[in-house]
Amino acid sequence: MYSAPIKELNFALHAVLDAGSLNKTGRYAEYAEDVGIAVLEEAGKFASEVLDPLNASGDRTGAKHSPQNVIMPQGYRDAYAQFVAAGWPQLGVETEIGGQGMPQVISSAVEEIWFGANMGFMLCPMLANGAIEALRIAGSDALKARFLPELVSGETTGTMNLTEPSAGSDLAAIRTRAVESGDHYRIHGQKIFITYGDHDLTGNIIHLVLARIDGAPAGVKGISLFVVPKKLKQPDGTLITNDLRCVSIEHKLGIHASPTCVMSFGDKEGAVGYLVGEAHHGLEYMFIMMNKARLAVGIQGIGITERAFQQASAWARTRVQGKPIGQKSDKALTIIHHPDVKRMLLTMKSGVQAMRLLGLYAALQLDKAHSLAEVQAAKIALSRAELLIPIVKGWCTEWANELISTGVQIHGGMGYIEETGIAQTLRDARIAAIYEGTTGIQANDLLGRKLGRDHGATMLRLIEEVQQDLHRCRDQGADIEATQHALRLLHEVTEFMLIQLTNAPAQAYAVSVPYLMLCGFTLGGWLTTRASCIAAQHLAGGGDDRDFLQSKIQSGRFYIDHILPTAHALAAVVRNGGDSVVDAEVELI
Numbered sequence: 000m001y002s003a004p005i006k007e008l009n010f011a012l013h014a015v016l017d018a019g020s021l022n023k024t025g026r027y028a029e030y031a032e033d034v035g036i037a038v039l040e041e042a043g044k045f046a047s048e049v050l051d052p053l054n055a056s057g058d059r060t061g062a063k064h065s066p067q068n069v070i071m072p073q074g075y076r077d078a079y080a081q082f083v084a085a086g087w088p089q090l091g092v093e094t095e096i097g098g099q100g101m102p103q104v105i106s107s108a109v110e111e112i113w114f115g116a117n118m119g120f121m122l123c124p125m126l127a128n129g130a131i132e133a134l135r136i137a138g139s140d141a142l143k144a145r146f147l148p149e150l151v152s153g154e155t156t157g158t159m160n161l162t163e164p165s166a167g168s169d170l171a172a173i174r175t176r177a178v179e180s181g182d183h184y185r186i187h188g189q190k191i192f193i194t195y196g197d198h199d200l201t202g203n204i205i206h207l208v209l210a211r212i213d214g215a216p217a218g219v220k221g222i223s224l225f226v227v228p229k230k231l232k233q234p235d236g237t238l239i240t241n242d243l244r245c246v247s248i249e250h251k252l253g254i255h256a257s258p259t260c261v262m263s264f265g266d267k268e269g270a271v272g273y274l275v276g277e278a279h280h281g282l283e284y285m286f287i288m289m290n291k292a293r294l295a296v297g298i299q300g301i302g303i304t305e306r307a308f309q310q311a312s313a314w315a316r317t318r319v320q321g322k323p324i325g326q327k328s329d330k331a332l333t334i335i336h337h338p339d340v341k342r343m344l345l346t347m348k349s350g351v352q353a354m355r356l357l358g359l360y361a362a363l364q365l366d367k368a369h370s371l372a373e374v375q376a377a378k379i380a381l382s383r384a385e386l387l388i389p390i391v392k393g394w395c396t397e398w399a400n401e402l403i404s405t406g407v408q409i410h411g412g413m414g415y416i417e418e419t420g421i422a423q424t425l426r427d428a429r430i431a432a433i434y435e436g437t438t439g440i441q442a443n444d445l446l447g448r449k450l451g452r453d454h455g456a457t458m459l460r461l462i463e464e465v466q467q468d469l470h471r472c473r474d475q476g477a478d479i480e481a482t483q484h485a486l487r488l489l490h491e492v493t494e495f496m497l498i499q500l501t502n503a504p505a506q507a508y509a510v511s512v513p514y515l516m517l518c519g520f521t522l523g524g525w526l527t528t529r530a531s532c533i534a535a536q537h538l539a540g541g542g543d544d545r546d547f548l549q550s551k552i553q554s555g556r557f558y559i560d561h562i563l564p565t566a567h568a569l570a571a572v573v574r575n576g577g578d579s580v581v582d583a584e585v586e587l588i
């Protein structure tokens, strides 16, 4: 059974990241630590009482396609109704449009809990949040008035429709057409891999669809964004079906409860759609939704890794097998006493803690960007959040796959059997490094858009501030040598990559993923060092829950000894590995 890591999240949020200081800003003046904890506790109850019990059954049953609509697994409609009744869709939404205005860092912490409890369920509200953000920023007043209230309340859900059979990551190849028809457009085309493109949780669904207006310029500059409702509301309030349908749903490796739909728009006269913002700016608007989703998917990687750690830890504490080396007792003990199992569990624990800290730190930068009164400080926070989002998305989901696989290994042969549950966790997690942009796409974004746009200024400023923070930890008695060395490597490699971007861009992009992973492991090492330092301070001050604080120091030591050395290998790959990729002959691969 999944248990929300409330204590871990509270320590990360308020002891390590000082999220409580947000109440010094005007936007979040009413936020307080006890408010955050109360929200997390309620989210934890919803996770354990409602979402987690549906996780395995939803995987077994899966969503089912029918000509009328996709039918969700038993219990999901009731769970969604409870989700809406409790007001959860409004949690992180701005108060100006009917939301509760909770900081993004708290919303992200709540998302971690729910992704850990039931990833398949949570994909639906995740995308609705993105649709709300895109319409709030880019939509006209008329579109906002028409569609936002129902999205914010949870009465309707939202989707993002980008991918087509001939246009995957290359959105310039989109063929879906939009024909002007009075005050709206008629949409014709097909979209694939549309998460929650159809379901029976709500009476209506709001699709955000990328399409090309007839006569638009070629390439990405000719793409526009449209709101295309599943059903059209008439003046008398009745709903009629729009000219769109779910043709089929995919048969997938995991997340079986989440319907991944093939959507057809305009089989007859064309689906009615409403232009969002200006014509030909669709990709720009869709990136609002995509960036919010990318941060959420990074958090998703953290949540499902926490689930795997809990599964592996529970198994290791109950599975009796053999006499561990170094134990004086002749009796067989549970496998957690075996040195290699301890190593694997510490890898998972220290890993998920480092990922959690980096994910929440990125979310906190978004809060600062939207709340700091000093304009320059807000700009710096926004640039930092934008820099970190591809790292969070890429590193946390890539490492999630490795760590969850380690959890299967801890189970031994039983981990390969569905009944233990961790096989589903592994299957569900695999998609996170693929959708919302593969790790290669995240790395290219980090390198080309985020590092290249300001010649590394945002990254180098972050490295400088991390260095200063490490000095403060050293002054408080912490051993920072290994973390400091990794940070120096990141600084040197970043400057190397900036030169490569100008002189040898193909070589730079050939090692963009190793560079992204280097950023993740190093920044995770910094935050782990900070957490250990703070735990030691609390211990020295007679803090409560000494075992918990000792566990922070123990897992921090393990990260530095076992995980952080990965940065050295990655730095060497980034420095030396570009040529061997670029020079390789495709015919010989």
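Here the sequence shown stands for residues 0 to 588, numbered as in numbering that gives the first Met the number 0. A virtual CB, placed ideally from N, CA and C, is assigned to each residue, including glycine.
Asked, Found
"Within-8 angstroms CB hit, valine 34 to chain C", "Of the protein chains in this structure there is only one, and it is not chain C."
"Counted within 10 angstroms of its Cβ, other Cβ atoms place serine 165 as buried (16 or more) or exposed", "exposed"
"The region 215 to 235 in contact with the region 78 to 87 per 3-pair CB rule at 8 angstroms", "no"
"Option nearest glutamate 397 by Cα separation, candidates Asp182, Phe286, Ile298", "Ile298"
"Distance CB(phenylalanine 557)-CB(lysine 6) smaller than 8 angstroms", "no"
"Closest residue to cysteine 260 among Ala18, Gly576, Ser2, Ser65 (Cα-Cα distance)", "Ser65"
"For proline 164, the first and last residue of its enclosing alpha helix (DSSP H)", "Taken as a continuous stretch (DSSP letters only), proline 164 belongs to no alpha helix (DSSP H), as it is neither H nor E."
"Per-residue DSSP class, three states only, for histidine 470", "helix"
"For phenylalanine 495, the residue or residues it bridges with in DSSP", "Paired residues: none, contrary to the question."
"Per DSSP, cross-strand counterpart(s) of alanine 210", "Ser223"
"Expected contact under 8 angstroms - CB spacing of alanine 11 and arginine 355 to nearest Å", "5 angstroms"
"Beta-carbon proximity check, leucine 332 vs serine 312, cutoff 8 angstroms", "no"
"Counterpart residues of isoleucine 70 in DSSP-defined beta bridges", "Lys63"
"6 angstroms Cβ shell around glycine 281 - same chain, five flanking residues per side excluded", "Leu209, Ile222, Ser223, Leu224"
"Alpha helix (DSSP H) segment containing threonine 438, residue limits", "438 to 443"
"Member of Cys472, Leu387, Leu402 whose CA lies at the smallest distance from the CA of leucine 459", "Leu387"
"Contact the region 29 to 45 vs the region 225 to 245: 3+ CB pairs below 8 angstroms", "no"
"Beta-bridge pairing of proline 228 - partner residues as DSSP gives them", "Ile205"
"Proximity to serine 370 [Cα-Cα], best of Leu8, Tyr1, Pro4, Tyr27", "Tyr27"
"Spatially closest choice to threonine 346 from Asn68, Leu446, Ser554, by CA coordinates", "Ser554"
"Tyrosine 75 (DSSP reduced to helix, strand or coil)", "helix"
"Spatial distance of alanine 14 from isoleucine 533 (CA atoms)", "7 angstroms"
"Reduced DSSP secondary structure (H/G/I, E/B, other) of methionine 101", "coil"
"Beta-carbon contacts of tyrosine 195 that lie in its chain and below 8 angstroms, excluding the five residues immediately before and after", "Leu122, Cys123, Leu126, Thr156, Thr158, Ile204, Ser257, Pro258, Cys260"
"Top-ranked residue by Cα proximity to lysine 143, from Trp87, Val275, Val512", "Val275"
"Rounded separation between serine 247 and aspartate 199 - CA only", "15 angstroms"
"Beta strand (DSSP E) segment containing glutamate 179, residue limits", "176 to 180"
"Contiguous alpha helix (DSSP H) assignments of at least 4 residues, all confined to the region 517 to 582", "545 to 557, 565 to 575, 577 to 581"
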